[in-house]
Amino acid sequence: MSFPSDPYGSTPGASGNQPNLFGASSEEPPISSGYAVPGYGAAPGYGGPPNYGAAAGYDAMPGGYEAPPLGAGGYPGMLPYGQPNNNLVWGILTTIFCFLPLGIVSIVKANQVNSKWQRGDVAGAYASARSAKRFAIASAIVSIVITAIAAVVIGVIVSQENKRNRSYYSYSTPTSYVPSYQSKSDIEYAIRGASYGDCFYRESSGSTLSMFVKVSCSQYKANVKVTKVTTSTSNCSGNWVRSDYDSSYSTSQVVLCLTSV
1 MSFPSDPYGS TPGASGNQPN LFGASSEEPP ISSGYAVPGY GAAPGYGGPP NYGAAAGYDA
61 MPGGYEAPPL GAGGYPGMLP YGQPNNNLVW GILTTIFCFL PLGIVSIVKA NQVNSKWQRG
121 DVAGAYASAR SAKRFAIASA IVSIVITAIA AVVIGVIVSQ ENKRNRSYYS YSTPTSYVPS
181 YQSKSDIEYA IRGASYGDCF YRESSGSTLS MFVKVSCSQY KANVKVTKVT TSTSNCSGNW
241 VRSDYDSSYS TSQVVLCLTS V
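First residue of the sequence shown: 1, per full-length UniProt numbering; consecutive thereafter.
Below, the structure written as C-alpha cells:
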C-alpha cells in the first residue's frame, strides 16, 4: 500500500507511524546547546516557627528604679493609677481618740507611703497605704471593745456601791437621806439592826412593806418609832414589823413594835 506524500516533505515509513496532522514530529525536538533549560528540584522545607520561650522578667532599671511586678503568666501586673492616699489623718485621729499603740503603727505606715512613691516603689507605697488603713481600723475596733468592757465594769461597781449605801442608810445610823428604792434584803437588814427608840420612815403597799429606812426622829420623814424589840408579834399591842425567819442568825426572827411619830 502506498502512502500519500507528506505535504511538509516527510514520508511516513512502513513502520506504521501515523501522520502528524499538525506538522509536528512525535519525537521531542533537539535542545540547542546554547540554551540549557534549568531543572527545578523539590521546594525547600520551612519547618516550624521558632520557639521564643516564656517572657523574661524585667531587670532592675537604672537610677534605682525597680521593674514592675510580674502578673499571671509572666506579664507585668497592672497597678492602680496615681499616688495612693497615705491615710495619715485616720492614723492621727485613732491615735488621739482610740487605741494608742495601733494608732502609732498606722502613722508609721502612713509616713512610708510618700517616701516609697518617690523612690519608685509603687507596689510598696500601695502596700503601706493599705497597712496604715488597716491599723487605723483595728485601733478603732479595739477602742470600742475596751470602752464597752470598761462601761460594764463601772456599772457593776456603781451598782454594788449603791447597794452598799442603801444598806448603810437602812440600818446603820439615822440619816436625812431616804432612797427611792429598797430591796427586800435592805429592809431585812433595817429590821434586824433596829434598837429601842429608833425612828424609821415606813412605807407599805397593802400588807407588803416596801420601805423601812432608819432616819433621825427630828426628820420630817420619820413616821414610826420602835417601842419594843421582841421575837413574837403577840408582844406588840399596836403596829409591828418583822423580819423573815432565818436560822442562820442568833435570833431567828426579829419583831419591832411600833408607834406613830
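We put the beta carbon where it would ideally sit given N, CA and C, even for glycine.
Cβ neighbours of Tyr201 within its own chain (closer than 7 Å, five residues either side excluded): Val178, Met211, Val213, Val215, Lys221, Ala222, Asn223. The residues Gly103, Ile104, Ser106, Ile107, Ser139, in chain order, have a CB closer than 8 Å to that of Thr95 in the same chain once the five nearest residues on each side in sequence are set aside. Taking all protein chains shown into account, Leu100 has fewer than 16 neighbouring C-beta atoms within 10 Å of its C-beta and is therefore exposed.
Here Asp246 has Ser252 as same chain residues with Cβ atoms under 7 Å from its own Cβ, once five neighbours each way along the sequence are excluded. Note that the C-beta distance between Cys236 and Lys225 is not below 9 Å. Leu209 and Cys217 have their alpha carbons spaced roughly 20 Å apart. CA-CA distance, Pro84 to Ala123, rounds to 10 Å. Counting other Cβ atoms within 10 Å of its Cβ, Gln182 reaches 16 or more and is therefore classed as buried. Nearest C-alpha to Val261 among Ser128, Gln219, Ser234, Gly120: Gln219.
C-alpha of Ala129 to C-alpha of Ser185: approximately 59 Å in a straight line. Taking 8 Å as the upper bound for CB-CB distance, Gly91 and Ala136 are in contact here, some 5 Å apart. The straight-line gap separating the alpha-carbon atoms of Asn111 and Leu93 is approximately 15 Å.
Within 10 angstroms of the beta-carbon of Asn239 lie fewer than 16 other beta-carbons, which makes it exposed.
DSSP places Ser115 in the helix class (H, G or I) of the three-state scheme. Fully enclosed alpha helix (DSSP H) runs of no fewer than 4 residues occupy 184-192 of the region 175-214, in order along the chain.
For Thr94, the uninterrupted alpha helix (DSSP H) run begins and ends at 88-97, by DSSP. Here Lys228 is bridged, per DSSP, to Cys257. Judged by beta-carbon spacing, Val254 lies within the 9 Å limit of Thr230, meaning their Cβ atoms are closer than that value.
Apart from the 5 residues on each side of it in sequence, Thr259 sits with its Cβ closer than 8 Å to the Cβ of Val224, Lys225, Thr227, Gly238, Asn239 in its chain, given in chain order. Val158 is classed as exposed because its beta carbon has fewer than 16 other beta carbons within 10 Å across all chains shown.
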